[in-house]
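Novice: Residue numbers (our numbering): 16 to 202.
#1: Could you tell me how far apart the beta carbons of residue 161 and residue 187 are, in whole angstroms, since I believe they sit closer than 8 Å?
#2: Is DSSP giving residue 125 helix, strand or coil here?
#3: Under 9 Å between the Cβ atoms of residue 165 and residue 127?
#4: CA-CA distance, residue 52 and residue 191?
#5: State the Cα-Cα distance for the pair residue 46 and residue 193, rounded to the nearest angstrom.
#6: So the candidates are 90, 94, 155, 89; which of them puts its Cα closest to the Cα of residue 69?
#7: So residue 179 packs on residue 39, CB below 8 Å; how close in whole Å?
#8: Using the Cβ count rule (16 or more neighbours within 10 Å means buried), how would you classify residue 88?
#9: So the candidates are 150, 131, 168, 117; which of them puts its Cα closest to the Cα of residue 141?
#10: If you count every other CB in all the chains shown that lies within 10 Å of the CB of residue 101, and 16 or more means buried, which is it?
#11: Which first and last residues belong to the alpha helix (DSSP H) in which residue 161 is found?
#12: Below 8 Å on the Cβ atoms is my contact criterion, and I expect residue 109 with residue 171 to pass it. Report the Cβ-Cβ distance as a whole number of Å.
#13: Smallest Cα separation from residue 163: which of 149, 185, 27, 66?
#14: Do residue 173 and residue 106 count as a contact pair if the criterion is CB distance below 9 Å?
#15: Which of the three DSSP states is assigned to residue 116 in this structure?
#16: With DSSP run on the structure shown, which of helix, strand or coil describes residue 175?
#17: So what does DSSP say about residue 98, is it helix, strand or coil?
#18: Can you tell me whether residue 261 is buried or exposed? The criterion is at least 16 other CB atoms within 10 Å of its CB, across all chains shown.
#19: Report the CB separation of residue 48 from residue 154 in whole angstroms; it is logged as a contact under 8 Å.
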């Protein structure tokens, strides 16, 4: 999916996008599309050595609580803000594609990323039966549903590399409730 964008706006996310692909994309190696992505990353590592070092340092054999993990197990941390920046850019583009509405960058939202074999948040179940909209569903798929009866909420689900389930809850971009007006004005 490609949208017309301002070059400056789009390129402002480039470092976060590179980090996103290298940091979490490499974890999807157990899928066909994840393996292809990893092979692509390996071919391009010559000009991304600093990024590769950053990602390698995110692997640890102890949990954040200091528990030493069993042999062969690793803890992977990541920079949440950078990952969420990319997810939010994707969601904003999808909202425009689906509704022709611009989504303010400060729109209230909640982003959750779950590995496919783990259980996604309970609210993902509200959209699981919605129609898939991705053209290449093993690489990128999405679905969404609007809930006007629940404070104008929208729930979006993304499937990345047939491995990560990304669930995003946001407030309808057209919402004019006082809470949204204050939130957007304050940011």
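Glycine included, each C-beta is placed from N, C-alpha and C at the ideal position. Since the structure is predicted, the reported quantities are computational estimates derived from the model, not experimental observations.
Specialist: Taking the coordinates as given:
#1: Position 146 of the chain shown holds residue 161. Position 172 of the chain shown holds residue 187. Yes, they are in contact, since the Cβ atoms of residue 161 and residue 187 sit about 7 Å apart, within 8 Å.
#2: Position 110 of the chain shown, counting from 1, holds the residue named residue 125. Under the three-state reduction of DSSP output, residue 125 falls in the strand class.
#3: By one-based count along the chain shown, residue 165 stands at place 150. By one-based count along the chain shown, residue 127 stands at place 112. Going by C-beta atoms, residue 165 is not nearer than 9 Å to residue 127.
#4: The residue you call residue 52 lines up with position 37 of the chain shown. The residue you call residue 191 lines up with position 176 of the chain shown. CA-CA distance, residue 52 to residue 191, rounds to 41 Å.
#5: In the chain shown, counting from the first residue as 1, residue 46 sits at position 31. In the chain shown, counting from the first residue as 1, residue 193 sits at position 178. Rounded to whole angstroms, the gap between the alpha carbons of residue 46 and residue 193 is 45 Å.
#6: To locate residue 69, count along the chain shown from 1; it is residue 54. With respect to the C-alpha of residue 69, the residue from 90, 94, 155, 89 having the closest C-alpha is 94.
#7: On the chain shown, residue 179 is found 164 positions in, with the first residue counted as 1. On the chain shown, residue 39 is found 24 positions in, with the first residue counted as 1. The Cβ separation is near 7 Å, so the contact holds.
#8: Translated into the one-based positions of the chain shown, residue 88 becomes position 73. Exposed is the label assigned to residue 88, since fewer than 16 other Cβ atoms lie within 10 Å of its Cβ.
#9: Here residue 141 refers to the residue found at position 126 of the chain shown. Of the candidates 150, 131, 168, 117, the one whose C-alpha sits nearest the C-alpha of residue 141 is 168.
#10: Stepping through the chain shown from its first residue, residue 101 is reached at position 86. Burial is judged here by how many other beta carbons sit within 10 angstroms of a residue's own beta carbon; residue 101 has at least 16 and is buried.
#11: For the purposes of this step, residue 161 is taken as residue 146 along the chain shown, with counting starting at 1. If you look at residue 161, you'll find it isn't in any alpha helix (DSSP H); it sits in the beta strand (DSSP E) that goes 155-162.
#12: Taking the chain shown and counting its residues from 1, the one referred to as residue 109 is at position 94. Taking the chain shown and counting its residues from 1, the one referred to as residue 171 is at position 156. In this structure residue 109 touches residue 171 by the C-beta definition: roughly 7 Å separates them, less than 8 Å.
#13: Looking up residue 163 in the chain shown gives position 148. Nearest option by C-alpha distance: 185.
#14: Along the chain shown, read from residue 1 onward, the residue named residue 106 stands at position 91. Along the chain shown, read from residue 1 onward, the residue named residue 173 stands at position 158. In this structure, residue 173 lies closer than 9 Å to residue 106 by Cβ.
#15: Working through the chain shown from its first residue, we reach residue 116 at position 101. The answer is coil: DSSP assigns residue 116 none of H, G, I, E or B.
#16: As a working mapping, residue 175 is identified with position 160 in the chain shown. Reduced to three states, the DSSP call for residue 175 is strand.
#17: Position 83 of the chain shown, counting from 1, holds the residue named residue 98. In the displayed model, residue 98 falls within a helix according to three-state DSSP.
#18: Limits of the chain in this structure are 16 at one end and 202 at the other, which puts residue 261 out of reach.
#19: Here residue 48 refers to the residue found at position 33 of the chain shown. Here residue 154 refers to the residue found at position 139 of the chain shown. Indeed, because the Cβ distance is near 5 Å, the residues count as touching under 8 Å.
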